[in-house]
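So in full-length UniProt numbering, spot 95 of the sequence shown is number 95, and the numbers just go up one at a time. Here a beta-carbon is modelled for each residue, glycine too, at the ideal position from N, C-alpha and C. Worksheet: the structure to be examined is printed underneath.
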Amino acid sequence: MDFKKISYSELNAKAKEMYNFQKASAKLADYGFTTMWLNNDWQGADFIGVHIDGVTSIRVQLKGRFSFNQKYCGKDIFICFISEDDVYLYPHDEVLDKIEHRISDKTYIKTGAWSAPKLTKQNKELLAKYKL
(Lines of atoms letter the chains of each structure in order from A; the text may use other names.)
(Lines give C-alpha, C1' and ligand atoms only; values in the text may rest on other atoms or scores of the structure.)
Protein backbone atom coordinates (compact mmCIF):
# COMPACT_ATOMS: atom_id res chain seq x y z
CA MET A 1 0.00 0.00 0.00
CA ASP A 2 1.23 3.47 -0.86
CA PHE A 3 0.48 5.88 1.99
CA LYS A 4 -0.13 9.44 0.94
CA LYS A 5 -0.57 12.36 3.33
CA ILE A 6 -3.85 14.20 3.11
CA SER A 7 -4.44 17.92 2.90
CA TYR A 8 -6.30 19.09 6.01
CA SER A 9 -7.83 22.01 4.13
CA GLU A 10 -9.53 19.60 1.72
CA LEU A 11 -11.34 17.69 4.47
CA ASN A 12 -15.02 18.27 5.22
CA ALA A 13 -16.07 19.49 8.66
CA LYS A 14 -16.67 16.02 10.17
CA ALA A 15 -13.40 14.68 8.79
CA LYS A 16 -11.55 17.69 10.27
CA GLU A 17 -13.16 17.00 13.63
CA MET A 18 -12.03 13.36 13.55
CA TYR A 19 -8.55 14.36 12.38
CA ASN A 20 -8.25 16.82 15.28
CA PHE A 21 -9.54 14.21 17.72
CA GLN A 22 -6.88 11.74 16.58
CA LYS A 23 -4.11 14.36 16.85
CA ALA A 24 -5.28 15.43 20.32
CA SER A 25 -5.57 11.78 21.42
CA ALA A 26 -2.00 11.08 20.33
CA LYS A 27 -0.77 14.02 22.41
CA LEU A 28 -2.86 13.01 25.43
CA ALA A 29 -1.43 9.48 25.21
CA ASP A 30 1.98 11.01 25.99
CA TYR A 31 0.48 12.14 29.30
CA GLY A 32 -1.08 8.77 30.17
CA PHE A 33 -4.58 9.34 28.84
CA THR A 34 -6.72 7.02 26.76
CA THR A 35 -9.49 8.84 24.93
CA MET A 36 -12.99 7.80 23.97
CA TRP A 37 -15.04 9.66 21.37
CA LEU A 38 -18.67 10.26 22.33
CA ASN A 39 -21.14 10.00 19.45
CA ASN A 40 -23.42 12.49 21.16
CA ASP A 41 -22.13 15.35 23.29
CA TRP A 42 -22.36 14.23 26.90
CA GLN A 43 -22.55 17.02 29.49
CA GLY A 44 -20.87 19.30 26.96
CA ALA A 45 -18.06 16.89 26.05
CA ASP A 46 -17.06 15.55 22.63
CA PHE A 47 -14.71 13.02 24.20
CA ILE A 48 -13.49 11.72 27.53
CA GLY A 49 -9.90 11.19 28.58
CA VAL A 50 -9.16 8.55 31.23
CA HIS A 51 -5.77 8.58 32.91
CA ILE A 52 -3.73 5.45 33.64
CA ASP A 53 -3.86 6.31 37.36
CA GLY A 54 -7.41 4.90 37.31
CA VAL A 55 -8.76 7.98 39.07
CA THR A 56 -8.40 11.00 36.81
CA SER A 57 -10.78 11.63 33.95
CA ILE A 58 -11.49 14.72 31.90
CA ARG A 59 -14.43 15.78 29.76
CA VAL A 60 -13.22 17.56 26.63
CA GLN A 61 -14.93 19.78 24.09
CA LEU A 62 -12.98 19.82 20.82
CA LYS A 63 -12.85 23.18 19.07
CA GLY A 64 -11.27 24.52 15.93
CA ARG A 65 -9.76 27.47 17.78
CA PHE A 66 -9.37 29.26 21.13
CA SER A 67 -12.91 29.78 22.38
CA PHE A 68 -15.38 30.03 25.22
CA ASN A 69 -19.09 29.49 25.58
CA GLN A 70 -21.27 30.22 28.57
CA LYS A 71 -23.03 26.86 28.09
CA TYR A 72 -19.82 25.15 29.32
CA CYS A 73 -19.59 27.20 32.52
CA GLY A 74 -19.80 25.16 35.70
CA LYS A 75 -19.51 21.83 33.85
CA ASP A 76 -15.80 21.09 34.54
CA ILE A 77 -15.10 21.04 30.79
CA PHE A 78 -11.70 21.24 29.15
CA ILE A 79 -11.41 22.86 25.73
CA CYS A 80 -8.98 21.36 23.25
CA PHE A 81 -7.88 22.91 19.97
CA ILE A 82 -4.97 22.76 17.56
CA SER A 83 -3.16 25.86 16.34
CA GLU A 84 -0.15 25.68 14.04
CA ASP A 85 0.37 22.00 14.99
CA ASP A 86 0.34 22.83 18.71
CA VAL A 87 -2.32 21.12 20.81
CA TYR A 88 -3.84 23.15 23.63
CA LEU A 89 -5.99 21.73 26.42
CA TYR A 90 -7.32 24.17 28.99
CA PRO A 91 -9.94 24.20 31.73
CA HIS A 92 -12.73 26.35 30.31
CA ASP A 93 -13.84 28.17 33.46
CA GLU A 94 -10.35 28.76 34.85
CA VAL A 95 -9.07 30.39 31.66
CA LEU A 96 -12.32 32.27 31.09
CA ASP A 97 -11.88 33.88 34.52
CA LYS A 98 -8.46 35.15 33.38
CA ILE A 99 -9.60 36.53 30.04
CA GLU A 100 -13.27 37.48 30.36
CA HIS A 101 -12.47 41.15 31.00
CA ARG A 102 -10.77 41.24 27.57
CA ILE A 103 -13.59 39.63 25.58
CA SER A 104 -16.50 41.85 26.44
CA ASP A 105 -17.37 42.44 22.78
CA LYS A 106 -20.95 42.65 21.54
CA THR A 107 -21.02 39.10 20.16
CA TYR A 108 -19.97 37.56 23.48
CA ILE A 109 -22.46 39.64 25.42
CA LYS A 110 -25.29 38.78 23.01
CA THR A 111 -24.57 35.10 22.27
CA GLY A 112 -22.48 33.96 25.23
CA ALA A 113 -19.83 32.64 22.84
CA TRP A 114 -16.41 33.98 21.84
CA SER A 115 -13.55 32.66 19.73
CA ALA A 116 -10.31 33.93 18.26
CA PRO A 117 -9.43 32.93 14.68
CA LYS A 118 -5.71 33.45 15.40
CA LEU A 119 -3.78 33.35 18.66
CA THR A 120 -2.41 36.74 19.65
CA LYS A 121 0.91 36.98 21.47
CA GLN A 122 -1.00 37.76 24.67
CA ASN A 123 -3.23 34.69 24.26
CA LYS A 124 -0.22 32.47 23.47
CA GLU A 125 1.36 33.61 26.73
CA LEU A 126 -1.87 32.91 28.63
CA LEU A 127 -2.15 29.43 27.08
CA ALA A 128 1.56 28.49 27.33
CA LYS A 129 1.04 26.27 30.37
CA TYR A 130 -1.83 24.46 28.60
CA LYS A 131 0.16 23.51 25.49
CA LEU A 132 0.68 19.75 25.36
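Range of the contiguous beta strand (DSSP E) that encloses Ser67: Residue mapping note: residue 67 aligns to position 67 of the sequence shown, counting from 1. Here the beta strand (DSSP E) through Ser67 covers 66–69.
In DSSP terms, what Thr35 is bridged to: Position 35 of the sequence shown, counted from the start, is the residue given in the question as residue 35. DSSP output for Thr35 lists Gly49 as bridge partner(s).
Cβ-heavy atom distance, Leu89 to the ligand FMN, below 7 Å: In the structure on display, the ligand FMN does not appear, and there are no ligands present to speak of.
Rounded Cβ spacing between Phe81 and Ile58 (contact assumed at less than 8 Å): Locating residue 81 in the sequence shown gives position 81, counting from the first residue. Locating residue 58 in the sequence shown gives position 58, counting from the first residue. Taking a contact as a CB-CB distance under 8 Å, the pair Phe81 and Ile58 does not count as one, their CB atoms being some 15 Å apart.
Val95 to Thr35 span [Cα, whole Å]: On the sequence shown, residue 95 is found 95 positions in, with the first residue counted as 1. On the sequence shown, residue 35 is found 35 positions in, with the first residue counted as 1. Cα to Cα, Val95 sits roughly 23 Å from Thr35.
Among Tyr72, Asp76, Lys75, Thr120, the one whose alpha carbon lies nearest that of Glu84: Position 84 of the sequence shown holds residue 84. With distances taken between Cα atoms, Glu84 lies closest to Thr120.
Span of the alpha helix (DSSP H), counted from its first residue to its last, around Gln22: Position 22 of the sequence shown, counted from the first residue, corresponds to residue 22. Note, Gln22: alpha helix (DSSP H), 13–29.
For Phe68 and Lys23, the rounded distance between their alpha carbons: Locating residue 23 in the sequence shown gives position 23, where the first residue counts as 1. Locating residue 68 in the sequence shown gives position 68, where the first residue counts as 1. When the Cα atoms are used, Lys23 and Phe68 turn out to be separated by approximately 21 Å.
Residue from Leu89, Lys129, Trp114, Glu100 whose Cα sits closest to the Cα of Phe33: Mapped onto the sequence shown, residue 33 falls at position 33. That would be Leu89, whose Cα lies nearest to the Cα of Phe33.
Endpoints, beta strand (DSSP E) assigned at Gln122: Position 122 of the sequence shown, counted from the first residue, corresponds to residue 122. Counting along the chain, Gln122 falls outside any beta strand (DSSP E), though it belongs to the alpha helix (DSSP H) covering 121–127.
Closest Cα partner of Phe47 within the set Arg65, Leu126, Leu28: Translated into positions along the sequence shown, residue 47 becomes position 47. With distances taken between Cα atoms, Phe47 lies closest to Leu28.
Assigned exposure category for Phe66 - 16 Cβ within 10 Å defines buried: As a working note, residue 66 is residue 66 in the sequence shown. Under this definition Phe66 is a buried residue.
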